[in-house]
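Have a look at the structure below before the remarks.
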Amino acid sequence: MAHVALEYDHKADIIKFPIEYQEDVVNIESEHRKTKKASAMECLYNDEEIIAVRNVFKKYLDEAKTFAQERAARRNLTMYICAIEIGLRGGDFCSLKWGDIYNPDWTFNQSAEFIPQKTSKCGKKVNLIWGTNFEVAMSEWLNWKNTYIKQQKLDDYIFTAQKPHKDKTTGEKRIYVDPKAWYKIVEDARKKAGIKHKIGTHGLRKTMVHQYIMLSDDKSLAMENMSDYLGHSDIRTTRRYSCVQREDIRKVKQRMVCLTEGLYDKIEKGHK
Numbered sequence: 001m002a003h004v005a006l007e008y009d010h011k012a013d014i015i016k017f018p019i020e021y022q023e024d025v026v027n028i029e030s031e032h033r034k035t036k037k038a039s040a041m042e043c044l045y046n047d048e049e050i051i052a053v054r055n056v057f058k059k060y061l062d063e064a065k066t067f068a069q070e071r072a073a074r075r076n077l078t079m080y081i082c083a084i085e086i087g088l089r090g091g092d093f094c095s096l097k098w099g100d101i102y103n104p105d106w107t108f109n110q111s112a113e114f115i116p117q118k119t120s121k122c123g124k125k126v127n128l129i130w131g132t133n134f135e136v137a138m139s140e141w142l143n144w145k146n147t148y149i150k151q152q153k154l155d156d157y158i159f160t161a162q163k164p165h166k167d168k169t170t171g172e173k174r175i176y177v178d179p180k181a182w183y184k185i186v187e188d189a190r191k192k193a194g195i196k197h198k199i200g201t202h203g204l205r206k207t208m209v210h211q212y213i214m215l216s217d218d219k220s221l222a223m224e225n226m227s228d229y230l231g232h233s234d235i236r237t238t239r240r241y242s243c244v245q246r247e248d249i250r251k252v253k254q255r256m257v258c259l260t261e262g263l264y265d266k267i268e269k270g271h272k
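Rendered as structure tokens:
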């Protein structure tokens, strides 16, 4: 797209969005409650699953026909990559500002600290740690917004919504992506990628933990590192949270004696 636009232009394009670009959050709260009761969010377990979901987001970008669709698709692809890299909770991630990760000279702040919403009352900070994927994706998104939206400021939100939404706690209008909308976007992409288990936005955080542990040479040390990083008081909590325990149990069960091999073929023949 060659033309420049302000943040809230193209309202007609927004109304005509296909479902994959929409941010309609009606009934998401009740849907989210049902999801939490039904099953815990899992992670993306391997490179194939991670890339499959990424390719869905990339497909939306490739097929974008309007500026508004391109903006939403670029933002969603950037959010997906960076959410897995940085591992923040959905609400914290959606409300990030450029100043949370960049220095005043627009170099990445490698010693960045952040106060999560969960610990905002006590002011407890966490270190923000990311890798190359995060920096590449974020730099591309910054350059694109500077070129086609407006020159970004450190106090601007990184991931802005198509239209403001009301904060349910304060009642104030927010211009960053609603976490409930981001949840719906991730789940839609997950389904289109053929991933059967639910991940939601919290599953992206779990994916970061799972990847870190599984790619580490010393998995016990990696588990301890993640336990400290997540603020868990018991490493067993981290093991469950990382989905490593679930994956280990699932793999062992697949190796258990097969009680059904050839069984139902014989039963069917017995009735003939």
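In terms of UniProt numbering, the sequence shown is numbered consecutively and its last residue is 272.
Note that beta-carbon positions come from the ideal geometry of N, C-alpha and C, so glycine has one too.
State the DSSP-derived secondary structure class of Ile115, mapped to helix, strand or coil. coil
What did DSSP end up calling Gln110 once you bin it into helix, strand or coil? coil
Rounded to the nearest angstrom, what separates Arg54 and Tyr80 at their Cα positions? 7 angstroms
- Run the CB neighbour count on Arg255, radius 10 Å, all protein chains shown included, and call it buried at 16 or more, exposed below. Classification of Arg255: exposed, given that the 10 Å Cβ count is below 16.
Which word fits Lys125, buried or exposed, when buried means at least 16 other C-beta atoms lie within 10 angstroms of its C-beta? exposed
Using the rule of at least 16 other Cβ atoms within 10 Å of the residue's Cβ for burial, across every protein chain shown, is Val136 buried or exposed? Counting Cβ neighbours within 10 Å, Val136 comes out exposed, since fewer than 16 surround it.
_Contact between the segment 102-111 and the segment 220-232 is defined here as three or more beta-carbon pairs at a separation below 8 angstroms; is this criterion met?_
no
### Segment contact, 8 angstroms Cβ cut-off, at least three pairs: the segment 196-216 with the segment 66-74
no
Item to complete: Work out the CA separation of Phe67 and Pro164 for me, nearest whole Å.
Response: 19 angstroms
What residue does the alpha helix (DSSP H) around Arg236 start on, and which one ends it?
From DSSP, the alpha helix (DSSP H) with Arg236 extends over 235-241.
*Taking only runs of the alpha helix (DSSP H) that begin and end inside the segment 86-110, which ones reach a length of at least 4 residues, in chain order?*
90-94, 98-101
Task: Ile199 versus Ala52 - alpha carbon distance - done: 14 angstroms
Quiz prompt | Buried or exposed (CB count within 10 angstroms, at least 16 for buried), Gln151 | solution = exposed
Is it buried or exposed for Cys243, if we count other Cβ within 10 angstroms and need 16 for buried? Burial is judged here by how many other beta carbons sit within 10 angstroms of a residue's own beta carbon; Cys243 has at least 16 and is buried.
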